[in-house]
Structures are given as structure tokens and as C-alpha cells.
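Student:
Numbering (the numbering used here), first residue to last: 516 to 853.
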């Protein structure tokens, strides 16, 4: 896809990585036009990241007309030219125990930059409405570009074998992810004998302590940092994905599980119903018994058959090529008027 537009585009490539925003950033970068200049370096919200933004602002000012696009929420604080920002959700504000400095960063840095941005991108209608209201930005200036599912996530293909049925959890352990309730629910649920709860990432003593309290420590596994190429097999091998989050701006793992034909047990909150439609097992994320019943339902023949048929159909609605086209269309309009 080649788009010819006048202003030099600077892309904040510091966001590219294996996490949710990182995967969005990596896929969207593929759609950027030739000549796009990457800003690389440290975490964009770190002190060194701020210093890199300052240096980039000076360098680009010397090069003439240019525009900055960030696939994440951290704005280029010293950038005086046109900017387009992406806010995937307001999770840091939704979680009550977010650190004071994080809330201050959103209030005093993110919000003013959203107001001066030529366009704001987000990934769901739920997030679009919330971001516009919180930032005081006209709704027509906030655009839902969605997320995508890579073609490697499909129902056919090799599956990970752990020697027992397993429920897969992928992601961080921040409060909004609701991991303590998930572990408690796993302890309550009546599941096939030997069913494991498998976490992505390294061994975590906090998780083991929680599992020990409900008597399931022996059934918890840590899969380490899973390479991107091995994720599809991990989804396919799972009896269910557990994602009982309290807040999600999109919930990409739920969609990846759906594409893989694996039942996804998700919180009926925020953007999840919008994204997954009927292709999920919904639970009350604030209720441990509800999560436990959801895990049980994921093992029923009805849920398995539904996941294998409706899940892939739902996932077909989301692809990275369409996301890239939407982003480019917005950047094209902004750059043409820069």
C-alpha cells in the first residue's frame, strides 16, 4: 500500500513489542508509507524516552514540515508540529489503585496533548466514546480503527500438549486483569480431573501464593515467555482461554482464542461484548462463582462446538490490513493539511 502525502511522517517505533500495544504498533508500522522515519529507543514513558522525544523534536524541526504519529498513549511532549495519538483504553484511570504519578501523567500530559492532536485513534467504540468524553475532544476527531488477528491464528494446526487439559491465561497481572479472582474461581470450578491453569511468563510467587491458599498450587503451570510463533499452538491446545478482566479496551487475546476455535471465558464488561459478540463465554468479572461457572461451561460440548464454528467467523471481521488502511486514511488526511 503506497500513499503519497506531503509532510514527513515520524512513527514512534518505541512502542513495538510483544504486548498488546506493541503488537498493534508492529502491524500498523507495516502499513506506513515509504520514507516514514522511525523514532527508536527506550520506553516512551520513561525519562530517557522523554529525552529522545526532545531530540527528535529538534531534529525534525530542522528538517522542515513533519508530523508525529504514536501508536501508543505517550505524547511527544516537546513536539510542536501536528500529532496523531492512539489511546487504546483508559485502564490506568479505571483501576482505582493506579499510582498517583500515573494518574497525574494522564491528567497533565496525555489529556492536553489529546486536545491539541489533529486526530486521536482508538480500537473500539467503547474506548472511542470514553476517550472523547474524558479528554473533552469532539467525538468526530476520535476514530475507531480497530485491531486485527494474524492469519496464523486458526483452528487447524499443531497444538501444545501439556499432558493434561489446560486453561490458558496470557497477559500481565495488573489489577484490572483480575488474576486473584481467576485463581479463586479455578479452585471452585468442577473441571475434568487434572485440569491445569497455565500462565504465560516466568514463575510468579504471588500467583503461587494465591493458588496455595485455595489448594491448587500443584495444578498451576508457567509457560515462560512464549515466542510469537508458538502462540497459535498454545491457544489451540488450550481447553479454554481465561480472560475475566474488569476493564479491556479491546481484549485481543479473546479474539485470538476465537480465531483458534478455543472457548474464551471473558468478563462481560467494557469492549468485550462489542468485540466478541456471541463468540465467548461471558462472566461477571466481579463474581468468583460466576467465573467458576464460566470455566465449567467452557468444557461443555455446546461451548466447544460453538467456539469452533462461531469463533473463527467472528475473528474474520478483524484483520490487520483493514486496520492499516484506516490508519493510513486518517494520517493521509492530516498530513495533507499539515
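Glycine residues also receive a C-beta, built at the ideal position from the N, C-alpha and C atoms. The structure displayed is predicted, hence computed values, not measured ones.
1. Give me the residue from 847, 841, 777 and 838 with the minimum Cα distance to residue 813.
2. Under the rule that 16 or more other beta-carbon atoms within 10 Å means buried, what is residue 601, buried or exposed?
3. So what does DSSP say about residue 736, is it helix, strand or coil?
4. Reducing DSSP to helix, strand and coil, say where residue 573 ends up.
5. How do the stretch 676 to 685 and the stretch 745 to 758 stand: do at least 3 beta-carbon pairs fall below 8 Å, yes or no?
6. Between the stretch 722 to 736 and the stretch 825 to 838, do at least 3 Cβ pairs fall closer than 8 Å?
7. Exposed or buried, what is residue 769 when buried is set at 16 or more other beta-carbons lying within 10 Å of its beta-carbon?
8. If you follow the alpha helix (DSSP H) that residue 681 is part of, which residue opens it and which one closes it?
9. With DSSP run on the structure shown, which of helix, strand or coil describes residue 547?
10. Residue range of the beta strand (DSSP E) that residue 744 falls in?
11. According to DSSP, is residue 698 helix, strand or coil?
12. Hey, how far is the Cα of residue 548 from the Cα of residue 843?
13. Rounding to the nearest angstrom, what Cα-Cα distance links residue 676 and residue 707 in this structure?
14. How would you write the range of the beta strand (DSSP E) that residue 678 sits in, first residue to last?
15. Output the distance between the C-alpha atoms of residue 845 and residue 660, rounded to the nearest integer angstrom.
16. Leaving out five residues on either side along the sequence, give the residues of the same chain with a beta carbon under 6 Å from the beta carbon of residue 735.
17. Could you tell me the alpha carbon to alpha carbon distance between residue 625 and residue 815, rounded to whole angstroms?
18. Determine whether the beta carbon atoms of residue 598 and residue 633 lie at a separation below 9 Å.
19. Please report the distance separating the alpha-carbon of residue 640 from that of residue 619.
20. How close, in whole Å, do the beta carbons of residue 621 and residue 608 come, if the pair is a contact with beta carbons under 8 Å?
21. Count the other CB atoms, across all protein chains shown, that sit within 10 Å of the CB of residue 654; report buried if there are 16 or more and exposed otherwise.
22. Give the single residue among 652, 744 and 656 whose Cα lies nearest to the Cα of residue 673.
23. In its own chain, which residues sit with a C-beta less than 8 Å from the C-beta of residue 719, not counting the 5 before and 5 after it?
24. Taking buried to mean at least 16 other C-beta atoms within 10 Å of its own C-beta, is residue 760 buried or exposed?
25. State the DSSP-derived secondary structure class of residue 806, mapped to helix, strand or coil.
26. Mind checking who residue 581 pairs with in its DSSP beta bridge?
27. Beta-carbon within less than 7 Å of residue 555's beta-carbon, same chain only, minus the 5 sequence neighbours each way: which residues are those?
Tutor: Concretely, from the data shown:
1. Relative to the Cα of residue 813, the nearest Cα in the group 847, 841, 777 and 838 belongs to 777.
2. Buried.
3. Residue 736 carries a strand assignment under DSSP once its states are collapsed to helix, strand and coil.
4. With a pLDDT of 44 at residue 573, under the threshold of 50, the predicted position of this residue should be treated as unreliable, though the coordinate-derived value follows. Note: residue 573 maps to helix in three-state DSSP.
5. yes
6. Touching, no, given that fewer than three Cβ pairs across the two stretches are closer than 8 Å.
7. buried
8. Where residue 681 is concerned, there is no enclosing alpha helix (DSSP H), although the beta strand (DSSP E) around it starts and stops at 681 to 684.
9. coil
10. No beta strand (DSSP E) holds residue 744; DSSP gives it neither H nor E.
11. helix
12. 8 Å
13. 16 Å
14. No beta strand (DSSP E) holds residue 678; DSSP gives it neither H nor E.
15. 9 Å
16. 712 and 726
17. 45 Å
18. yes
19. Rounded to the nearest whole angstrom, the C-alpha separation of residue 640 and residue 619 is 25 Å.
20. 6 Å
21. exposed
22. 744
23. 688 and 737
24. Flag for residue 760 reads buried.
25. helix
26. In the DSSP output, where bridge partners are listed per residue, residue 581 has 523.
27. 528 and 529
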